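Order-wise, the sequence lines are chains E, Z, H and P. All residue numbers for the first sequence refer to our numbering, where the first residue is 124 and numbers rise by one. All residue numbers for the second sequence refer to our numbering, where the first residue is 113 and numbers rise by one. All residue numbers for the third sequence refer to our numbering, where the first residue is 905 and numbers rise by one. All residue numbers for the fourth sequence refer to our numbering, where the first residue is 574 and numbers rise by one. Presented below is the structure to which this report refers.
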Amino acid sequence: MTEPALARTKGAEQFGSSSAAASGQSGDRILETRSISKHFDATQALQDISFSLYPGEVHALLGENGAGKSTLIKIITGVLQPDGGEILLAGTPVVIRSAAEAQRLGIAAIYQEPLLFPDLSVAENIFVSHQGRGQVVGWRQMSQDAEAILAQLGVAIDVRSPARGLTLAAQQSVEIAKAISLNVRVLIMDEPTASLSAHEVAQLFGLVRDLRGQGVSILFVSHRIEEVFEIADKVTVFRDGRLISTRLRSETSPQRSISDMVGREMGLLKPRPRAAIGELLLSVRGLGRESVFEEVTFDLHRGEVLGFGGLIGAGRTDIGLALFGIEPATSGTIALDGKEITVRSPREGMDLGIAYVSEDRRQLGLSLPMSITANITLPMLHKYLDRFGLIRRGLETETAEAYRKRLSIRTSSVDLAVAKLSGGNQQKVMLSKWLNTKPSVLILDEPTRGIDVGAKAEVHAIIAELAATGIGIILISSDLPEVLAMSDRVLVMREGRQMAIFSREEATQERVMTAAMGQVSAPIGEVAA
Amino acid sequence: DIAPGKAMDMVLLPKFLGILPFDQAHQGAEEAAKELQNSKPLQFLGPTPENSVAGQIEITTNATTQGVAAIMISNNSGDQIVPSAKAAQAKGIKVVTWDSPIPSAEGEDVFVAQVDFTETGKVMADMAMGILGADGGKFAILSASPDAANQNAWIAAMKDALKDPKYAKLQLIDTVYGNDQSEASYNQANALVDKHPDMKLIMAPTSVGIVAAAKALQDGKLCDKIKVSGLGVPKEMVAYTMNGCAPQFALWSFVDLGYLSYYTAYGLASGAIKAEEGATFKAGRMGEYKITKDPTRAKGLRVLMGPFSIYDKKNVEAAAK
Amino acid sequence: MKWLQRHVRPEQVRELSLLLLIIVAVVFFGSMIDGYYTSRTFNRIVSSVAIITIVAVGQTLVVLTRNIDLSVGSVVGCTAYFVGTLLGRYHDLNPLLAVLTAVALGAALGAINGLLVAWGRIPSIIVTLGTLAIYRGILVDLSGARTVTTDSLPGWLVGLPRLNLMSIGGLDLPALFMLAVAIVLIFHLGTGYLAVGRRFYAIGSNPDAAALIGLPIRRLVFLAFVLSGALAGLAGFVTLARYGNITVESGRGLELAAVAAVVVGGVNIFGGSGTVLGAMLGAIMIGTLEQSLYRLQISEFWRDAILGLLILLAVASDAVILQRLRALWGRADLKIVTEPPAEATVAAGARSP
Amino acid sequence: MTILGRLKSWEGLLLGLLAVIVVMNILRSPYFLGAGNIANLFQLSIEKIIVALIMTLIIINGEIDLSVASIMGLAACVLAWLFQMGASLPIAIVGGLLAGLAAGLFNGFWVAYVGLPSLAVTLAGLIGFRGIARILVEDRAIGGFPVWFNTLGQQGILGPITASILIFAVLFAIVAIVLHGSALGRLVYVIGNNLQAARYSGVRVQSVKMTLFAASGLIAALAGILYAARLGSVRGDMATGFELDIITIVLLGGVSIFGGSGNLAGVGLSILVILNLRNGMGLANITGNTQTSVIGALLIFSVLAPNLAQNLQRRWIGRKT
Ligand SMILES: Nc1ncnc2c1ncn2[C@@H]1O[C@H](COP(=O)(O)OP(=O)(O)OP(=O)(O)O)[C@@H](O)[C@H]1O
Ligand SMILES: Nc1ncnc2c1ncn2[C@@H]1O[C@H](COP(=O)(O)OP(=O)(O)OP(=O)(O)O)[C@@H](O)[C@H]1O
Ligand SMILES: [Mg+2]
Ligand SMILES: [Mg+2]
């Protein structure tokens, strides 16, 4: 990789012998943790973790939500300090006090939740940590370099425009570009693929392999088991803050990893049992919002799961937002139970029995500093008032406890701030919140993003159960196997246009992907609704 | 007569802290305190300018709680001070106002007037006449704040005085307010110049306003065409008088005003003076004074200090020393 | 449009729109006030905005980092008074040294703010609300409420406001205004093209992300406060030169004027966006309104009401314009071209369990 | 430390501070414990602390209202103007309250429905509403209200406790219940924490903000009218600069300026701390800028101290492991 973009990066100087170590596995460990532990209040997030990373390997971390993966990563990158234990880099003990120090030592990370500077341009976001003090910014050069890096990722974003308003997936792409531009020795990816679609994942993996070829070690966290087994050389499994096993990929299997994770046998993704589909619930005709999406037409029946497939930026989320009233549609009609409706605000949407579970739980889904209880009851707060208009805390707690059980939210108390939960458990809180509105139409936008297999299976069970009770569900997901397994029919979007609707039998990976990429072949076009 | 040697807590309360004339008054009051051998230190307490009204009320109330013998107030709040001043009187505290009275005279025992407020109007009209000459001309007033009691009284007195045919050629065209802030006064003076191309004089009956106006004219190279006059402190004005920007201005001695106010308050508090019409007393080096009805207000008593000192090229340098 | 979107950043369009607003205001006042289009009006506005512009530049730096500096008015007062006293005592102090003293004193006061915010981890509004009172209190106590008078100052200083660098057809460009313009240019370029400048934006735009990528947040915030203090010190010097007569009340209320200029100038009060040039335009906008309102033949008492309304309208119209721009530019941002590479389907296939 | 623990320690700190101040006041001034003084202590800042209650809600909601002091002035001036125009006082009072409500709705409209930053909107309001007040009363001081109005503001109705103090107590209870017990209070926190998440949860963000600003206008108007009753007379510059004091009280109470956190107990303690401190200093004859400096230093120190303590604690723990 001799891109101009990478030529001006730094970070690897400390490792003069970088290319020598490129051959991989047999070399000395580049990074080692010894007996690291970390607790938050009562939670023992990590306990006695001893773990090694070798040059030129892709090492996956697996574990349920809250197993401690992100915590370990934060310790390695200097964001958190361990309670005990030590970190060795290329054999020498180091204390990593800050992310900057980690970067200087050649460690960079892409976090679970993208963190960009919304006001800076995309190019600046990529290069902001490279610029030295007082150094003059060469805008033109920087833009070209940024474009070059993004081109490797197969993504073309206008690098001069501000990062504000980029989709999650685009943000993730920028994050990846940022990290690879640093030309580091250890690259940590905490669920980098969560918001990427299949072909982007493929592209990312190509890149990961390139980096590995250059001797970069990659620590890779994902809840998508298939992905892990596609890319990883080694798989380490965490459970409840402990390291359970480290195995070569060739010596383990998805099944085995999963049973390590959950401590019992577990099946892989199973198709949802087919339920009886009821009468027409929601009927959408020619829906559109100016220059965002257009001419979307579909029906949703009671008890039906309608999957929305497509690539990033295809406009699926926007349809959800329009149905829920956050960004109301500007053309077309929506009919609910045969009555034509207009939804101009989320409140109206909720009153009509529509619920939308957002894909961006940190920014849009949850109030992080507030308690689990307060988050769950928020949309239905008016149902929790006594005759003086005061909140009935007891009733609130009851509800929260009920959902804690039903979705097995892992927390010491429902009064805890949501911010303190792991990503997966936050997702469950968000789901509880919307289930509590007792919706008749439930729009789930990436409901299993960042959720571990166990929890994912639970969510899938819940979806099935809800559908069985007669709720109509729109399932927006970039996890294609999930869409295929869960949906009764699959609607495919591409760049704001509806490409096709496949029945369950017709929907195959190949067909959906082809449609999503705009190459609808004749026979599929005929089966499209 | 006023007997020295009483130990009494007394408070001197200026409009606010931080401008020169009140410091001079403080100096005068200290001088009187020494002469009268009051063993209790004089409290010179004042609010900040942005909190002046509420601050004066707070200080008055706290002084009342402490049960001081007398409070000397340069009132910055119109009648808003009345309730707290009355509360002070109800506890037997003597309330003397100086520099700026309580308009309704309620809550006040006596007002120590620096000059006769009606006379202020005449003096200003005379200075305007003197500077502009027999032909007269247009002039404007740059005042402190629109709410200052003494300013408003002086402006009213001047408008009254202007009715005299003697001043027929003087034409008052505008009144603006600089809020006793250098910056605002400077900008207001400039605005006057722009608004009224034929204006010949700015009359500023405020020590902050008059210097700011003089500086503005000087910076605008306009001192040949437009002059400044009003009430100012010699030390601050000497340069402008010497270079002709402000040929004439007037003031009384704030040191003397503080001195006389202290004597008056001390006399009242010690029982040597009764706050009633016709009472007389001797105020140290300043001589005999008499309490009279205040002709410039509907009610109220006053002690008139007087007179004005008019400053010009001849005497300003000596006064500035 | 495409071309515009590629080559002009929304911020720049916003500055142009503010410029347009200023022109609208000038045309409006021109129709209301006789003899408005004279060099005098120009000179008046130009010389009145120098101080506020310099302070607003410093304020912009601080606001960009998601902080605020409410102590600038007191810093201006302190430096004006202190340097005035110094010059009163030592008449032949080198002018450059006098300016440097003012800047250094301001920087020192700013450094105290910066220390407390960056290392004391106290929200800036609390720190500067406190130092606003403390600096002023120290000034009043130390000075014994005396006044710096014009006649105590050296001639070169008193004459400074009258010094014109250039005069184009009766339009004077006073040295003090040109100083402000120079400051604006330096800092505009600095924030636009120096890495350290861009980092101010980064910190304000997303502090968490700034911490994660290891920007020296504390040092940068400290630097912003020091610069704001230093510029307030410089403004204090200009205040001294311009008004000559310095009471301990000098500069009071300047903090609100500076914040107003910054906000009207389109700097996001929550950090991360806006430019120094915008802040200057904001200062000029407010200066134009203020100076023009003085001249409008309306009662003294109407001025504040109208000024308040005009500031609101400036902010509102700016926001509406910006919203439109964001929408237009936003479309361009989101164009994510995903050319389906040949191996995509293969890869997708490979993902099936 | 959990959020709860931290809050506890914050209030603990204020409580400790309060104890120190009260003990010092008792030791230093024999007048401090008088019933009259305790009532005065509240009465002298009663309008500010009334407005601080609603300001607490606004700041927790992630906004700010800089225009409250100007609305106080506006309401008082509308009242005085109507009264002078011949309206009966009760009608004039209603007029003043309506003016405040209108001003609050005006702010709310721009913030909630147009989406402008409240700092900018209310900064404009700070200047503009004061301007309208000035237009109404110009340079007059309007007084001469019926006796019952002045009594309302000045005389104790329960011993030394005035109507204003009772109104404050009632409002405190109402705000406490609203903030910590009602749906509105919950929404105030939710919006302050994450406005977008609130919107996505179907919270009517706009009407919550509108309600708060309208309430802020109304309560500020009420406070302005109480201030007029206390002073017995009205001027255009009433309550100028109060906004900084009010915001200081709220911030010292541990309310985050960025919204989303803080509670009324902290604000209540902060009110007691500041009032006692002010009173103690007043009785010790510390006034003016020194007083504001001390409160400024306290503001900084009260946030700095726990931060430092936490730092030290962390370092100590760090050494242990
Ligand atoms: N700042 C914090 N305060 C308190 N507890 C925390 C904090 N951060 C993490 N935890 C707790 O530590 C444990 C480990 O969390 P971590 O985020 O490392 O899990 P994870 O394996 O990354 O999970 P996920 O797959 O859901 O991202 C969880 O129980 C979590 O609730
Ligand atoms: N101009 C904009 N400013 C801010 N956000 C925008 C803008 N346009 C779209 N978005 C947001 O970007 C997100 C993605 O939009 P879109 O519906 O196009 O993608 P999608 O098909 O749901 O793909 P993904 O898998 O990334 O969610 C949505 O949350 C949408 O609201
Ligand atoms: Mg995680
Ligand atoms: Mg989406």
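We put the beta carbon where it would ideally sit given N, CA and C, even for glycine. Quick caveat, the model's predicted, so the values are computed rather than measured.
Any chance you could list the alpha helix (DSSP H) runs of at least 4 consecutive residues sitting entirely within the region 167-226 of chain E, in chain order? 192-199
Between which residues of its own chain and Gln167/E is the CB-CB distance below 6 Å, once the five residues before and five after are set aside? For the purposes of this step, residue 167/E is taken as the residue at position 44 of the first sequence. Contacts found: Gly364.
Nearest neighbour of Asn598/P, chosen from Leu850/P, Ala697/P, Val781/P [CA to CA]: Stepping through the fourth sequence from its first residue, residue 598/P is reached at position 25. Minimum Cα distance to Asn598/P is reached at Leu850/P.
Do three or more CB pairs link the region 958-973 of chain H to the region 1024-1043 of chain H at distances below 8 Å? yes
By the DSSP assignment, the alpha helix (DSSP H) with Val1125/H in it spans what residues? In the third sequence, residue 1125/H corresponds to position 221, counting from 1. Element bounds for Val1125/H: 1121-1147.
9 Å is my cut-off, CB to CB: does Ala1134/H come that close to chain E? The residue given as residue 1134/H occupies position 230 in the third sequence. Not closer than 9 Å to any Cβ of chain E, the Cβ of Ala1134/H fails to qualify, so no.
Which class does His1092/H belong to by DSSP, given the choice of helix, strand or coil? What you label residue 1092/H is simply residue 188 of the third sequence in a count that begins at 1. His1092/H: helix per DSSP, three-state reduction.
Considering only heavy atoms of ligand 1, does any lie closer than 8 Å to the CB of Gly547/E? Indexing the first sequence from 1 puts residue 547/E at position 424. Yes, ligand 1 has a heavy atom inside 8 Å of this Cβ.
Counting C-beta neighbours from all protein chains within 10 Å, is the total for Tyr352/Z 16 or more, i.e. buried, or is it exposed? The residue given as residue 352/Z occupies position 240 in the second sequence. So Tyr352/Z counts as buried.
Starting from Ile1188/H, trace the alpha helix (DSSP H) in both directions and tell me its first and last residue. Sequence index remark: in the third sequence, residue 1188/H carries index 284 (1-based). Per DSSP, Ile1188/H belongs to the alpha helix (DSSP H) from 1180-1199.
Can you tell me which of Gln178/Z, Gly179/Z, Ile193/Z puts its alpha carbon nearest to the alpha carbon of Ile185/Z? Here residue 185/Z is taken as the residue at index 73 of the second sequence, counted from 1. For Ile185/Z, the nearest C-alpha among the options comes from Ile193/Z.
May I ask you to verify whether the region 1114-1132 of chain H touches the region 1193-1202 of chain H, counting CB pairs closer than 8 Å and requiring at least 3? no
Rounded straight-line distance, which links the Cα of Ser297/Z to that of Met311/Z: If you number the second sequence from 1, residue 311/Z lands on position 199. If you number the second sequence from 1, residue 297/Z lands on position 185. Answer to the nearest angstrom: the Cα atoms are 17 Å apart.
For the beta strand (DSSP E) that contains Phe343/E, what are its first and last residues? Within the first sequence, residue 343/E is the residue found at index 220, counting from 1. First-last of the beta strand (DSSP E) with Phe343/E: 340-344.
What's the gap between the Cα of Ser626/E and the Cα of Leu614/E? The residue you call residue 626/E lines up with position 503 of the first sequence. The residue you call residue 614/E lines up with position 491 of the first sequence. Between Ser626/E and Leu614/E, the C-alpha separation is close to 9 Å.
Does Gln378/E pass the burial test, meaning 16 or more other C-beta atoms within 10 Å, or should it be called exposed? Within the first sequence, numbered from 1, the residue matching residue 378/E stands at position 255. By the 10 Å Cβ count, Gln378/E comes out exposed.
Contacting residues, own chain, Cβ-Cβ under 7 Å from Val181/E (five flanking each side not counted): Numbered from 1 along the first sequence, position 58 holds the residue referred to as residue 181/E. The answer, listed in chain order, is Val331, Arg335, Ile341, Phe343, Ile354, Ala355, Asp356.
Rounding to the nearest angstrom, what Cα-Cα distance links Ser1221/H and Leu923/H in this structure? For the purposes of this step, residue 1221/H is taken as residue 317 along the third sequence, with counting starting at 1. For the purposes of this step, residue 923/H is taken as residue 19 along the third sequence, with counting starting at 1. Cα-Cα distance, rounded: 12 Å.
Mind checking whether the beta-carbon of Ala1164/H lies closer than 8 Å to any heavy atom of ligand 6? Ligands in the displayed structure: ligand 1, ligand 2, ligand 3 and ligand 4; ligand 6 is not one of them.
Using CA coordinates, which residue listed in Ser173/E, Leu238/E, Pro216/E is at the minimum distance from Gln294/E? For the purposes of this step, residue 294/E is taken as the residue at position 171 of the first sequence. Selected option, being the one with the closest Cα: Leu238/E.
Going by the C-beta, is Val351/E closer than 8 Å to any heavy atom of ligand 1? Within the first sequence, numbered from 1, the residue matching residue 351/E stands at position 228. No, ligand 1 has no heavy atom inside 8 Å of this Cβ.
Verify the contact flag: Arg993/H, CB atom, against every heavy atom of ligand 1, threshold strictly below 8 Å. Here residue 993/H is taken as the residue at index 89 of the third sequence, counted from 1. Checking the Cβ of Arg993/H against ligand 1 gives no.
Taking all protein chains shown into account, do 16 or more other C-beta atoms lie within 10 angstroms of the C-beta of Lys307/Z, making it buried, or fewer, making it exposed? For the purposes of this step, residue 307/Z is identified with residue 195 of the second sequence, where counting begins at 1. Label assigned to Lys307/Z: buried.
Candidates Val235/Z, Leu313/Z, Tyr401/Z, Ile205/Z: closest to Gly390/Z by CA position: For the purposes of this step, residue 390/Z is taken as the residue at position 278 of the second sequence. Cα-wise, what sits closest to Gly390/Z is Tyr401/Z.
Check the Cβ of Ser294/Z against every Cβ in chain H and list those closer than 8 Å, keeping chain order. Working through the second sequence from its first residue, we reach residue 294/Z at position 182. Correct list: Tyr1147, Asn1149, Ile1150, Thr1151, Glu1153, Ser1154.
Where Ala497/E meets chain P, residues with beta-carbon distance less than 9 Å: By 1-based counting over the first sequence, the position of residue 497/E is 374. Correct list: Arg759, Tyr762, Val763.
Residue of Ile958/H, Trp1060/H, Val959/H minimising C-alpha distance to Leu997/H: The count along the third sequence starts at 1 and reaches residue 997/H at position 93. Checking every option, the nearest Cα to that of Leu997/H belongs to Trp1060/H.
Where the alpha helix (DSSP H) through Phe605/P begins and ends: Here residue 605/P refers to the residue found at position 32 when the fourth sequence is read from its first residue. No alpha helix (DSSP H) contains Phe605/P, which DSSP labels as neither H nor E.
Span of the alpha helix (DSSP H), counted from its first residue to its last, around Gly797/P: Locating residue 797/P in the fourth sequence gives position 224, counting from the first residue. Element bounds for Gly797/P: 778-804.
Using 8 Å as the cut-off, classify the Cβ of Gly186/E as near or not near the heavy atoms of ligand 1, replying yes or no. To locate residue 186/E, count along the first sequence from 1; it is residue 63. Yes, the beta carbon of Gly186/E sits closer than 8 Å to at least one heavy atom of ligand 1.
Interfacial residues, the region 160-173 of chain Z to chain H, with Cβ spacing under 9 Å: Thr160, Pro161, Glu162
To the nearest angstrom, how far is the alpha carbon of Ala1002/H from that of Thr989/H? For the purposes of this step, residue 1002/H is taken as the residue at position 98 of the third sequence. For the purposes of this step, residue 989/H is taken as the residue at position 85 of the third sequence. Taking the straight line from one Cα to the other gives about 11 Å.
Contacting residues, own chain, Cβ-Cβ under 7 Å from Val1088/H (five flanking each side not counted): By one-based count along the third sequence, residue 1088/H stands at place 184. Counting only Cβ-Cβ distances below 7 Å, and skipping sequence neighbours, we find Thr957, Val961, Val1180, Leu1181, Met1184.
Listed from N- to C-terminal order along the chain, which residues in the region 1103-1114 of chain H have their beta-carbon within a distance smaller than 8 Å of any beta-carbon of chain E? Arg1103, Tyr1105, Ala1106, Gly1108, Ser1109, Asn1110, Asp1112, Ala1113, Ala1114
Flag Asp474/E as yes when its Cβ comes closer than 8 Å to any non-hydrogen atom of ligand 1, and as no otherwise. Position 351 of the first sequence, counted from the start, is the residue given in the question as residue 474/E. False, no ligand heavy atom lies under 8 Å from that Cβ.
Among the candidates Ala608/E, Thr637/E, Glu628/E, whose CA atom is the shortest distance from the CA of Met616/E? Within the first sequence, numbered from 1, the residue matching residue 616/E stands at position 493. Checked all of Ala608/E, Thr637/E, Glu628/E; the closest Cα to Met616/E is Thr637/E.
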